[in-house]
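Below: one structure, written as structure tokens.
There are 2 protein chains.
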Amino acid sequence: MKPNIHDVAKIAGVSPTTVSRVLNNRGYISEKTKERVYKAMEEINYFPNDLARSLFRKRTNLIGLIIPNSSNPFFGELAFHIESICTLKGYKLLLCNSLNRKDKEEKYLEMLIRNQVDGVIAVTFNRGILDYHKQNLPIVAIDHYLSNHIPVVGSDNYAGGKKATELLLGKGCKHIVHINGPLELETPANLRRKAYEDVMKEHGRKPVTYEVPFHQNYQEYISRLFDEQPNADGIFASDDLIAAAVLNQAKKRGIDIPNRLKVIGYDGTETVQSLLPDLTTIQQPIELISKKAIEILLKAVDGDFNDLPRETYLPVQVLEGKTT
Amino acid sequence: MKPNIHDVAKIAGVSPTTVSRVLNNRGYISEKTKERVYKAMEEINYFPNDLARSLFRKRTNLIGLIIPNSSNPFFGELAFHIESICTLKGYKLLLCNSLNRKDKEEKYLEMLIRNQVDGVIAVTFNRGILDYHKQNLPIVAIDHYLSNHIPVVGSDNYAGGKKATELLLGKGCKHIVHINGPLELETPANLRRKAYEDVMKEHGRKPVTYEVPFHQNYQEYISRLFDEQPNADGIFASDDLIAAAVLNQAKKRGIDIPNRLKVIGYDGTETVQSLLPDLTTIQQPIELISKKAIEILLKAVDGDFNDLPRETYLPVQVLEGKTT
DNA sequence: CTGAAAGCGCTTACAG
DNA sequence: CTGAAAGCGCTTACAG
């Protein structure tokens, strides 16, 4: 069986209380005792049981992360940064892939509550569910406005949409088409769309937005778009995977990029940048978002509910490649 | 404060023992009592504390996953599948990004032990460390042989290397160059290399293997390769990211693919396939690997240490695109 | 069918 | 500087 604190105490010739004190560096302990305890711990390969410790302290140092899917480059990188920063701060991460399904999100949330996580970071399109279950559980939402009581951290989607559209206009595009996800989902991408449409109107151009179903095979939709918009000379895709599909469709049709058609994407993940270095895109500061989200969450964990910033939007950056 | 089992008991007018029995569906409880208990739990929004339960049962249903980096498409997808399957089987996943650093792996492993995980799935290049700390902790390695006592699950790397090389030869390539990671790392990619070299020799061709440092900026190395190997008419890259770098370098130099040069990668992740659908590659069965790894791990968790398969190699598949 | 008691492995007032 | 006792929130023999 695994050794426990009593085993250590017996070997060191002290009480379990003393061992605990050594473990926690708490109160006065003579150097000699300390050493004996350390030696005993090493001798029997003792590691404290964090379950027991957490049970007593009512603090687990566990954070739950709910994302749609760690396969997606954006979420994969988000998970990486969040986990790394958590570890740096002494927290551990329970990973949950919700596939954007409400039923899964609910189950995960209940699981996290049962496991006494100190807080939750969530990327979810389903409003309300977090609020409902919450009951004092600190939550921070990433990039999605969830409810009045939940802080959001994201990037400046309106600015991103504006930059993308203006870049295309500045390069002389007249007929710019925007591709976005379904409008019903209250995603942050809606702000990108809004910015696109505002800027287009400002410039006396008619906005044309195509909606593609979520995580569908984009090719089919993109192909239809090409058929229906033969005059398009610029495409602003609301994420890089859609932009990649556009690039592929253009290649298939022998459309010269960027001469006949300019394409800009959104997200600018490391993975996509390394696979498609030519793609012009709007880069989100994933690491910064992660940092901010954790910072706010840990404030809430420490009971500091008062001055939590309700909404934090970090700046985006244009990465200009050869597709524009 | 959070309600506990005593609060539920008081409201339902029964003992904590009975509440626990209802919770665990254990022993005989009258329907009436059951109902009263359920109602009480709902009334005060009670969720059992899994910490306490785990402490008693000496079973957490927690699995640790150590991967280099969830940003990488291969590991991101691996994490997704492993987490999904774990959830399906009632397990939860603690995510650890080791960046392939031995010191981090060691710290993570200790953290996992302290948190009483039931088992660990690890992708690591650093042999030995797991073995050292292990002390009865069930571990399964993915794609990397770690030690005699740790089962490995992976794909058939030799077959993959063979298929890749034969495909290029079959298409008429005479001068095939292979790009791989550093040989010192005992990665499974070494088997891909071995297969490449064996097949080349069999066909009376001279194998030429380039080693690129891990996670470096590949472009520079690839560029040198192009300079040094002007006659190369086929390149077999040991992963898709390297293959993508080759594609980009070829584009930069105006080299016609596949006519002047044919390129095949390795991994075949969803992400890379969706971004570079034209890339020919050897696809690893990530979901199947995940399933097998968990299956074996859970066997070990259940104390079934006897007939654990030492090595499991799942079949790979050629995905033929337009780069060959 | 139900309850009181002991214990999982810790930590922390309290006392000395 | 150190220890005995109580308790974190559960579960499970044991007894009735």
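Sequence order for the protein chains is A and B. Just so you know, the first sequence maps onto residues 1 to 324 in UniProt numbering. Just so you know, the second sequence maps onto residues 1 to 324 in UniProt numbering. Using N, Cα and C, we set each Cβ at its ideal position, and we do this for glycine too.
- Between the beta-carbon of I289 of chain A and that of G119 of chain A there is about 16 Å, and that puts the pair past the 8 Å contact cut.
- In the structure shown, L288 of chain A adopts helical secondary structure according to DSSP, grouped into three states.
- Sequence-distant Cβ neighbours of K194 of chain B in its own chain, meaning closer than 8 Å and more than five residues away, are Y158, G161.
- Cβ-Cβ separation between D267 of chain A and D240 of chain A: approximately 5 Å, consistent with a contact (criterion under 8 Å).
- Secondary structure of H178 of chain B (DSSP, three-state): strand.
- In terms of Cβ geometry, I113 of chain A and Y91 of chain A do not form a close pair [threshold 7 Å].
- Taking the beta carbon of I113 of chain A as reference, the chain B residues within 8 Å of it are F47, listed in sequence order.
- Classified as exposed, R260 of chain A has fewer than 16 neighbouring CB atoms from the shown chains inside 10 Å of its CB.
- For the pair S98 of chain B and I85 of chain A, the Cα-to-Cα distance works out to about 12 Å.
- Residue ranges of uninterrupted alpha helix (DSSP H) with 4 or more members, entirely inside the UniProt domain "HTH lacI-type" (3 to 57) of chain B and ordered along the chain, are 5 to 12, 16 to 24, 31 to 43, 50 to 57.
- As computed with DSSP, V316 of chain A is found in no beta bridge at all.
- Look at S238 of chain B here: in three-state DSSP terms it is coil, with no helix or strand label.
- According to the DSSP assignment, L183 of chain B belongs to no alpha helix (DSSP H), since it is labelled neither H nor E.
- Runs of the alpha helix (DSSP H) lying entirely within the region 252 to 283 of chain A and spanning at least 4 residues, in chain order: 270 to 275.
- Not a single CB atom of chain A sits nearer than 7 Å to the CB of P258 of chain B.
- Close CB contacts of T312 of chain B within its chain, under the 6 Å cut and outside five residues either way in sequence, are with V153, K292 (chain order).
- The Cβ of D50 of chain A sits closer than 7 Å to at least one Cβ of chain B.
- Straight-line spacing of the CA atoms in L169 of chain B and P285 of chain B works out to 24 Å.
- Taking C-beta atoms under 8 Å as the contact rule, T280 of chain B and L319 of chain B qualify, at a distance of about 7 Å.
- Checking the DSSP bridge columns, you'll see E311 of chain A partnered with A:V152.
- Beyond the five residues adjoining it in sequence on each side, T323 of chain B comes within less than 6 Å, by CB distance, of I257, P258, V263, D278, L279, T280 in the same chain, given in chain order.
- Contact between Q317 of chain A and Q283 of chain A holds: their C-beta atoms lie close to 5 Å from each other, under 8 Å.
- The DSSP-derived three-state label of Y221 of chain A is helix.
- For S290 of chain A, no chain B residue has a C-beta closer than 7 Å to its own C-beta; the minimum C-beta separation is roughly 12 Å.
- Within the region 252 to 279 of chain B, the residues whose Cβ lies closer than 7 Å to any Cβ of chain A are, in chain order, E270, T271, V272, S274, L275, L276, P277.
- Taking a 10 Å sphere around the C-beta of L109 of chain B, we find 16 or more other C-beta atoms and assign the residue as buried.
- Of all C-beta pairs linking the region 291 to 306 of chain A to the region 5 to 12 of chain B, fewer than three are shorter than 8 Å, placing the two stretches out of contact.
- Linking P315 of chain A to V123 of chain B through their CA atoms gives a straight-line distance of about 35 Å.
- About 17 Å separates the beta carbons of H175 of chain B and A243 of chain B, which is beyond the 8 Å limit, so they are not a contact pair.
- Neighbours of N157 of chain A in chain B, taken as residues whose beta carbon is under 8 Å from its own, are absent, since the nearest beta carbon is some 22 Å off.
- Secondary structure at Y158 of chain B: helix, using DSSP grouped into helix, strand and coil.
- Of the candidates A:Q219, A:S223, A:S238, A:S238 places its Cα closest to the Cα of T209 of chain A.
- Residue pairing by DSSP places C173 of chain A opposite no residue, since no beta bridge is assigned to it.
- Under the DSSP assignment, V140 of chain B falls in the beta strand (DSSP E) whose first and last residues are 139 to 142.
- Under the DSSP definition of a beta bridge, A122 of chain A partners with A:I66, A:A141.
- A check of alpha carbon separations from S223 of chain A across A:I179, A:T17, A:L93, A:E77 identifies A:I179 as the nearest.
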